[in-house]
Each structure stands twice: as structure tokens, then as C-alpha cells.
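Participant: Encoded as C-alpha cells, here's the structure I'll be asking about.
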Amino acid sequence: MEKLTIVESTYIPLRNENVDTDQIIPARFLKATSREGFGDNLFRDWRYDKSGEPKADFVLNTGVYSGKVLVAGKNFGSGSSREHAAWAIYDYGFRVVVSSEFADIFKNNCLNNGLLPVEVTPAFLSELFERVEADPSTSVTVDLAAQTISLTGTDKQEQFEINEYKKHCLMQGLDDIDYLLSIQSEIEAFETTPNI
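Throughout the sequence shown, residue numbering follows the numbering used here, covering 1 to 196 in sequence.
Below, the structure is given as C-alpha cells:
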């Protein structure tokens, strides 16, 4: 996985609330078993019409907004536990998803796949939406070490929570297997230590 420490980026606002994983990546696109290629079908039914043409008014198609950060409405990632939703968001190019509430399974899937879910207060979320809709060049700075998200160039900032182990893995670019391999010598030393 790609290391994630500080992300400073413009962002894309998706005000919809209660976005479930079937809206993020419809079930009919879950045929592949590798993580690549899902970004093409991220929000498929919102991005494209039935003939496959992009819908001009969908936020990812307007050309107004860009960035590595997706700012979404409350209760993002609910519904089924499909890991492909996190794969699709990552494959599209996002590295951070911000919301005032995430479904727990979706949040864990993000953390396991190099994507940082940042949970903020409803007031901060509203400010993020208002600022970027007034000026699409507005950016945020997400500092994983400090566990902060800031509106760049302002004093607006919030702390966010993250599991220490997942924080370490994201900052080092490790998935669970990579982590175990990184401490293999310690595991072997422990296994050869006589029991007392």
C-alpha cells in the first residue's frame, strides 16, 4: 500500500446522506477479485446513464471539483459489507474520505485498504461543504500523525480518532500481512524463547 502521512488537497463534495455500498459500487460490478479497475464503476449509476454516457450534473463529472479527498454526507458506507466499495474509492484516486458518520464495517474496510476515513462533527462537515461550494479551490490538510483535519489557510481544525495499529500501518504503507512480515524476526525470537 502507498504510505499516507499528510494529504493536502482540494476536495469533492458529495452531500448525499445514507450512501450505501451498493451506490458506491453496484453489485453487478463485483466480478473481479483483484483491487484494480473498480474506480471506473465508482458511483456507476449516478455517474452514467443507461447508455453509458456520463451524467453531466453528477459531482464527479462536472469538472468543477477535484482532489484526493471525498467529503460525503452523514452515514456514508452503510449497507452490505462489500470491501469493493473501499477498493473503488481508492482506485478512483481518493486517499481520504470525510463524513460525520461512517458505517463501522466500511470504516474498517477503508483502513485495511489504504484509505483514511476521517470522522468530523456535523458543524465542521457543513463548513467543508459550504466553503468548497463557494470556492472549489478550497483545500484541506489531513495530518495523520497529528490526527487533525484543517481547512487550509484558516484556523478551522478538528481532531479525529483512529486505531493506533491502523494508524501505524497507514503511515508505513503496510497491510496486515506486510505488518506481520515486518516483525517476523521478533515473532521467531519469541517462539524460541523458553517458557518460564
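Ideal Cβ positions, reconstructed from N, Cα and C, are used throughout, including at glycine. Keep in mind it's a predicted model, so treat the numbers as computed, not measured.
Hey, would you say residue 68 sits closer than 7 Å to residue 95, going by beta carbons?
Facilitator: Going by C-beta atoms, residue 68 is nearer than 7 Å to residue 95.
Participant: Count the other C-beta atoms from every protein chain shown that fall within 10 angstroms of the C-beta of residue 90, then say buried if there are 16 or more, exposed otherwise.
Facilitator: Looking at its Cβ environment, which holds 16 or more other Cβ atoms inside 10 Å, residue 90 is buried.
Participant: How many Å lie between residue 153 and residue 140 at the Cα?
Facilitator: Going from the Cα of residue 153 to the Cα of residue 140 covers about 9 Å.
Participant: Could you give the uninterrupted runs of the beta strand (DSSP E) lying entirely in the region 70–117, keeping only those of 3 residues or more?
Facilitator: Whole beta strand (DSSP E) segments, 3+ residues: 96–99.
Participant: Could you tell me the boundaries of the alpha helix (DSSP H) in which residue 132 lies?
Facilitator: 122–134 is the extent of the alpha helix (DSSP H) around residue 132.
Participant: Whose C-beta lies closer than 7 Å to the C-beta of residue 4 among residues of the same chain, with five residues either side of it excluded?
Facilitator: So the qualifying residues of the chain are 95, 114, 116, 144, 170, 171.
Participant: So, with DSSP's three-state summary, where would you put residue 62?
Facilitator: In the structure shown, residue 62 sits in coil (DSSP, three-state: anything other than H, G, I, E or B).
Participant: By Cβ distance, which residues of its chain are closer than 8 Å to residue 161, with the 5 residues on each side in sequence left out?
Facilitator: These residues qualify, in order along the chain: 119, 147.
Participant: Given a threshold of 16 other Cβ atoms within 10 Å of its Cβ, counted over all protein chains shown, does residue 12 qualify as buried or as exposed?
Facilitator: Residue 12 comes out buried.
Participant: In its own chain, which residues sit with a C-beta less than 8 Å from the C-beta of residue 41, not counting the 5 before and 5 after it?
Facilitator: Cβ neighbours of residue 41 beyond the five flanking positions: 25, 26, 29, 88.
Participant: Measure the C-alpha to C-alpha separation of residue 156 and residue 23 and round it to an integer number of angstroms.
Facilitator: Their Cα atoms are separated by approximately 31 Å.
Participant: Spatial neighbours of residue 73 within its chain, please: CB distance less than 6 Å, with the 5 preceding and 5 following residues excluded, ordered by chain position.
Facilitator: Hits under 6 Å: 15, 16, 17.
Participant: Pick from 176, 136, 195: whose alpha carbon is nearest that of residue 108?
Facilitator: Selected option, being the one with the closest Cα: 176.
Participant: Taking a contact to mean a Cβ-Cβ separation below 7 Å, would you say residue 76 touches residue 43 in this structure?
Facilitator: Not closer than 7 Å, so no.
Participant: Taking residue 110 and residue 98 to be in contact with their CB atoms under 8 Å, please state how far apart those CB atoms are, rounded to whole angstroms.
Facilitator: Residue 110 to residue 98, Cβ: 11 Å. No contact.
Participant: Who does residue 22 pair with in a DSSP beta bridge?
Facilitator: DSSP, once it has assigned bridges, lists no residue as partnering residue 22.
Participant: I'd like the span of the alpha helix (DSSP H) that includes residue 174, first residue to last.
Facilitator: Looking at the DSSP string, residue 174 is not in any alpha helix (DSSP H), and its letter there is neither H nor E.
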